[in-house]
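Protein chains in written order, with this note's numbering: chain A, 437 to 715; chain B, 109 to 381.
Glycine included, every Cβ here is placed at the ideal spot set by N, Cα and C.
Accompanying notes for the structure given below.
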Amino acid sequence: MAERSRPDLADRPVSTVRMVLTLYGSRLRSQASFRTSFIADVLGQALIVSVEFLELWVILSQVGVLGGMTLTQVAVVYGLGALAFGIADMFFGEIDGLSAQIRSGKLEVLLIRPVPMLLQISSLDLSLRRIGRIAVGLVMYVAALTIAGFEPSAATLLLAVTAPLAGALLFGALFTIAGAMQFWLIEGREFANAFTYGGNYVATTPGAVFALPMRAFFTFVVPATLVAYAPTLALLDLPGPALIPAWSGWLGLPAAVLAWIVAGALWRAGVRRYTGAGG
Amino acid sequence: MPQIGTLARVSTYWAVAAAAFRQYSTYRLATAAGVFTNSVFGLIRASILFAAITTAGGELSGYTIAQAATYVWLGQALLAPIEAFGTREVSQRVHQGDVAIDLLRPISFLGLYYAQKLGRSAFLLLGRGIPPMLIGALLTGLALPEDPWSYPLGMLSLLLAITVAFLADMLVNLTAFWLLETRGLTVVYTALMNLLSGLLIPIVWFPDWLLAIARATPFPSMLQTPIDTLSGRIPPLEALPLLGVQLGWIALLALAASAMLRAGVRSVEVQGG
């Protein structure tokens with residue numbers, strides 16, 4: 437197989453990098469061209485993220501500490517989680533529309549093109565409006581870290597920069613797994629929301645609020661607490677609760693790599709299983 | 109226009125509602141998926157509220173752990189029947205011009221969609237409302253109302269809440285007569301709904317200024333009021349004024365929706381078709 441596919445690659449008129457840039461570039465230009473609708477969408481996304489944070493803010497204005505964290509510390513967790521989820525959502529968030537394409541048999545069109553299907557779906561459905569979520573998350577993350585008295589060393593600075601990217605990779609893998617599941621559960625696509633959007637909900641919350649079985653599930657099975665809560669513990673030098681010690685803040689990247697191995701295997705199995713709808 | 113007797117009209121609406129009920133009852137796997145996801149979110153929400161109430165010493169602004177559990181699970185159960193996140197069918201039919209067919213039908217436009225909504229909600233209440241309540245009762249326990257009158261009054265409040273949500277959602281959809289893209293508005297509507305309806309946290313936990321804003325909108329009438337009435341957190345006699353508020357919003361929103369529909373229909377005619 438490998439012997440045969442190599443000449444194909446050499447025959448391609450453009451390099452892979454060029455292809456990726458062209459695909460994403462065209463989507464970005466087309467979405468930014470409907471300016472009013474685009475701006476309304478971005479503002480709407482920013483509003484949603486802010487409103488979701490109000491939930492935590494209202495609770496903390498009543499009790500002062502939630503899951504062992506003050507408002508500023510919770511804001512670090514929330515900002516980091518929202519930033520990571522926003523990046524993943526931009527590239528992979530529309531993958532749950534896959535079931536509609538499977539049902540209508542439109543997937544054949546993607547399969548016959550000489551470009552990996554996941555790359556096509558990711559670029560076709562790239563939603564630039566999600567930049568609203570990313571922007572609010574980033575501002576909140578940086579501002580809250582500063583107010584919370586973050587004292588950067590070389591190691592923690594590295595963690596502060598890589599944590600959003602590791603989290604985005606992890607959510608990207610979760611979205612891809614959710615998409616792959618649809619090859620089996622065409623009608624049941626909402627199952628996956630429990631882990632993608634549910635994972636986001638958990639990631640933006642101090643992990644200590646969860647009872648042990650839930651905390652274990654969202655750390656070892658769907659590692660949402662490793663996206664923002666654990667890195668925040670490590671960055672601010674806070675003690676962690678049972679099952680989530682502060683040093684687990686460094687486990688985001690390895691967890692993301694593991695999740696992508698699972699996601700890749702599931703995705704390939706799903707595509708092989710796809711038989712088309714005729715036509 | 110042919111005159112239709114009252115009896116025939118009622119049976120028409122009944123048939124529409126029954127068809128909507130049957131249509132939704134065929135999506136079994138989707139219903140199971142929805143129940144599962146609703147329940148996971150219920151567990152996450154309950155965890156956050158429990159942590160807050162425990163930190164506050166067992167009670168927070170009138171909510172104990174058991175009451176918070178009831179509040180969370182009722183909220184998760186009512187999300188689907190109320191269709192809290194809005195619908196897009198009418199706005200899409202306006203954009204595609206299919207709305208012309210709806211307007212030609214010999215029954216009222218709003219009546220047609222209301223009958224569909226009631227049929228849909230009846231199924232969603234049974235299929236997606238009851239299972240999360242059972243799961244909640246098993247996992248976290250529920251506080252049941254002391255006064256038996258809370259049940260019938262709660263069901264009435266739920267019917268009114270579904271009506272308020274239907275009308276507010278219809279207003280958003282009908283803007284499609286004038287706006288080319290209604291998605292931005294839907295996003296804003298969903299964000300406001302999340303916050304002000306009492307979906308994420310009980311509105312009595314809000315600071316005074318935010319509570320005042322919430323009470324000036326129809327959103328608490330869609331979720332917080334039926335939850336409070338059904339759970340008995342607000343006893344039947346005290347709930348009666350809240351049901352009055354729901355009725356007030358229904359009157360106001362129904363007037364606005366029919367005015368918008370009339371104006372919208374005129375603007376469609378101006379564009380020709």
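For a Cβ distance threshold of 8 Å, residue set Q498 of chain A lies close to S169/B, ordered along the chain.
I243/B: member of the alpha helix (DSSP H) spanning I238 to L247, first to last residue. Within chain B, R291, G292 and V295 have C-beta atoms less than 8 Å from the C-beta of D477/A, given in sequence order. Within the stretch 239–304 of chain B, the runs of alpha helix (DSSP H) at least 4 residues long that lie entirely inside it are, in chain order, 258–282 and 291–304. Looking at the DSSP output, L605/A shares a beta bridge with no other residue.
Y710/A sits in coil when the DSSP states are folded into three classes, being neither helix nor strand. In the displayed model, L496/A falls within a helix according to three-state DSSP. Closer than 9 Å to the CB of W257/B there is not a single CB belonging to chain A. Apart from sequence neighbours up to five positions away, the residues of its chain that approach T172/B with a beta-carbon distance below 8 Å are I161, G166 and A251, ordered along the chain. Between the stretch 672–689 of chain A and the stretch 700–707 of chain A, the count of Cβ pairs shorter than 8 Å is below three; the stretches do not touch. Contact note: E530/A does not reach chain B at a C-beta cutoff of 9 Å; the least C-beta distance is about 13 Å. Within 10 angstroms of the beta-carbon of F274/B lie 16 or more other beta-carbons, which makes it buried. Shortest Cα-Cα distance from L496/A to any of R374/B, L351/B and P315/B involves P315/B. Using a Cβ-Cβ distance cut-off of 8 Å, the stretch 290–310 of chain B and the stretch 485–502 of chain A are in contact, since at least three pairs of beta carbons, one from each stretch, lie closer than that value. For the pair F627/A and G113/B, the Cα-to-Cα distance works out to about 46 Å. In this structure, S265/B lies near P334/B, with their beta-carbon atoms less than 9 Å apart. DSSP, read as helix, strand or coil, puts Y222/B in helix. At a cut-off of 9 Å between beta-carbon atoms, V698/A makes no contact with chain B.
For L308/B, the secondary structure class from DSSP, reduced to helix, strand or coil, is coil.
By the rule that beta-carbons nearer than 9 Å mark a contact, I484/A touches chain B. Annotated as distal: R228/B and Q184/B, with beta-carbon spacing of 9 Å or more.
At a Cβ-Cβ threshold of 9 Å, S258/B and A176/B do not count as neighbours. Classified as buried, W313/B has 16 or more neighbouring CB atoms from the shown chains inside 10 Å of its CB.
Distances from the alpha-carbon of I215/B to those of R136/B, R117/B, Y179/B and N146/B put R117/B closest. Taking C-alpha positions only, G461/A is separated from L218/B by approximately 44 Å. In the structure shown, Y135/B falls within a coil segment according to DSSP collapsed to helix, strand and coil. DSSP places L562/A outside both helix and strand once states are collapsed to three, so it counts as coil. C-alpha of M553/A to C-alpha of S466/A: approximately 21 Å in a straight line. Cα atoms of V575/A and G585/A: separation of roughly 16 Å, rounded to the nearest angstrom. Contact annotation for V148/B against chain A: A630 and G634 [CB-CB distance below 7 Å, chain order]. Remark: fewer than three beta-carbon pairs, one from each stretch, lie closer than 8 Å, so the stretch 541–551 of chain A and the stretch 656–664 of chain A are not flagged as touching.
The distance from the Cβ of P239/B to that of V143/B is about 4 Å, consistent with a contact at the 8 Å cut-off.
In terms of beta-carbon proximity, P588/A stays away from the interface with chain B, with every pair separated by 9 Å or more. Counting along the chain, I531/A sits inside no alpha helix (DSSP H), nor does DSSP assign it H or E at all.
Think of a sphere of 8 Å around the beta carbon of G706/A: no beta carbon from chain B falls inside it, the nearest being about 17 Å out. At least one CB of chain B lies nearer than 9 Å to the CB of Y637/A.
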